[in-house]
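In the working numbering, the protein residues as written are 381 to 709.
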Amino acid sequence: GKSLGMRAAKSSIPVLITGESGVGKEVIARALHGASDRAGKPFVAVNCGALPANLVESILFGHEKGAFTGAVDKTLGKFREADGGTLFLDEIGELPLDMQVKLLRALQESEIDPVGGKRPVRVDVRVLSATNRELSRQVQAGLFREDLFYRLNVFPIEAPALRERRDDIPALIDHFITRFNAEEGKRVAGCSPETLALLTAHDWPGNVRQLENAVYRAIVLADAPFLQPHDFPAISGVFAPEPEAASVPSAPSVATVSLPPAPEAPIRILDDRGHLRTLEEIERDLIQHAIEVYAGHMSEIARRLGIGRSTLYRKVREQGLEDHLKDAG
């Protein structure tokens, strides 16, 4: 219940959050930190799966100057950075066994041994950890220390996959639309009912993070007040209609979702005889398309194409696209 969760947040007991990639485990950890007595103190997040094996110890526990080749300066390490606050260890299951021993000691003794240090250093840190795999299975397989598992897993939290809480999807979409409108200077009002049904029914293997990325991409490309299925081509299989076809009255909207993917993206790579078109021709189409999509915002077009603005202006001149630019702007 809520009271138990609040007690867990208030106290300094370790919490282990289990859930698939992208469910927002760090968001939960930050919320626990924010609800605790350590709220004003540091919150330090470490992804154990992304640490180079030879540097794990130094990154977590710090090192003294000259402790090893390349140790030019003294490094505090994440434990001391989080002193007085919360240390969030994501993908804890990726931690090598020898580091698990040192982590266990840090938790039991509230002290750490920096690499090359003469004596242990006291630390006051609350450890929250997260994993996307069954840690108990790793314990059985001998890949994770049982004593550390029990130490970390005092208060387990299951972070459900997005497909297990579909009711939350509309609110999440609204939240992302509001945020990305502000960030990108857009005025998207929401999703069409058809789009909302599509997104709510999707399984989201990448969870909230995947939904967030999809909404961001849709908002950047959107040219109508309400997001349409074709703004989510990877999910709907529906691609944006060709500009010429737009004037033809369309069939009832329900039919569009079941269409096969459009055979041709807006930019053609092959000519009518099935041969590759030249790079120059494709580039011209791509720039023309970008001018339409980003309504002639040159800095945005340059950023999306990965080229400098001056290069883009030169290409627009060379390709004779100035008129397109005037129309768009």
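Note that the Cβ used here is the ideal one computed from N, Cα and C, for glycine as well. Predicted model only: the values in this text are computed from it and were never measured.
Per DSSP, the continuous alpha helix (DSSP H) segment holding P573 begins and ends at P573 to A581. Setting aside the 5 residues that flank it on each side, F556 is surrounded in the same chain by E592 and V595, each with a C-beta closer than 6 Å to its C-beta; the list follows chain order. Separation of R597 and I681 (C-alpha to C-alpha, rounded to the nearest whole angstrom) is 14 Å. Contact annotation, F468 with A430: C-beta distance approximately 13 Å; criterion of less than 8 Å not satisfied.
For I393, the closest C-alpha among the options L532, A602, L666 and D527 is that of L532.
When secondary structure is reduced to three states using DSSP, G570 falls in the strand class. Inter-segment contact for the region 404 to 421 and the region 543 to 556 is absent: fewer than three beta-carbon pairs are separated by less than 8 Å. Less than 8 Å divides the Cβ of I553 from the Cβ of L579. With 16 or more other Cβ atoms inside 10 Å of its own Cβ, S438 counts as buried. In the structure shown, the three-state DSSP call for S509 is strand.
Two segments are said to touch when three or more pairs of C-beta atoms, one from each, lie closer than 8 Å; by this definition the region 505 to 521 touches the region 471 to 486. Between A539 and G686, the gap from beta carbon to beta carbon reaches 8 Å or more. Each residue's CA atom was taken as its position, placing G496 and I397 some 33 Å apart. Exposure of V481 is indicated by the presence of fewer than 16 other C-beta atoms within 10 angstroms of its C-beta.
Contact between R589 and G402 holds, since their C-beta atoms are separated by about 4 Å, short of 8 Å.
Here D417 carries a coil assignment [DSSP, helix/strand/coil]. Residue burial annotation: V505 is buried, with at least 16 other C-beta atoms found within 10 angstroms of its C-beta. Nearest to V424 by alpha-carbon distance, out of S572, D417, H413 and K454, is H413.
A Cβ-Cβ separation of about 4 Å places G442 in contact with P494 under the 8 Å criterion. For the 8 Å CB-CB criterion, V618 and P605 do not form a contact. By the 16-neighbour rule on beta-carbons within 10 angstroms, I492 is buried. A direct Cα-to-Cα measurement between I537 and F529 gives close to 14 Å.
E444 and N427 have their C-alpha atoms roughly 23 Å apart. Here N427 carries a strand assignment [DSSP, helix/strand/coil].
Taking 8 Å as the cut-off, the Cβ atoms of L523 and V568 do not count as close. In the three-state scheme derived from DSSP, where H, G and I count as helix and E and B as strand, E444 is classed as coil.
K706 counts as exposed, since fewer than 16 other beta carbons sit within 10 angstroms of its beta carbon.
It is roughly 20 Å from the alpha-carbon of L484 to the alpha-carbon of P432. Counting only the Cα atoms, V673 lies some 20 Å from S690.
The straight-line gap separating the alpha-carbon atoms of F459 and H582 is approximately 40 Å. Look at E538 here: in three-state DSSP terms it is strand. Contact between G465 and R499 is ruled out by a C-beta separation of about 23 Å, above the 8 Å threshold.
The beta carbons of P476 and V436 sit about 6 Å from each other, so the pair counts as a contact at 8 Å.
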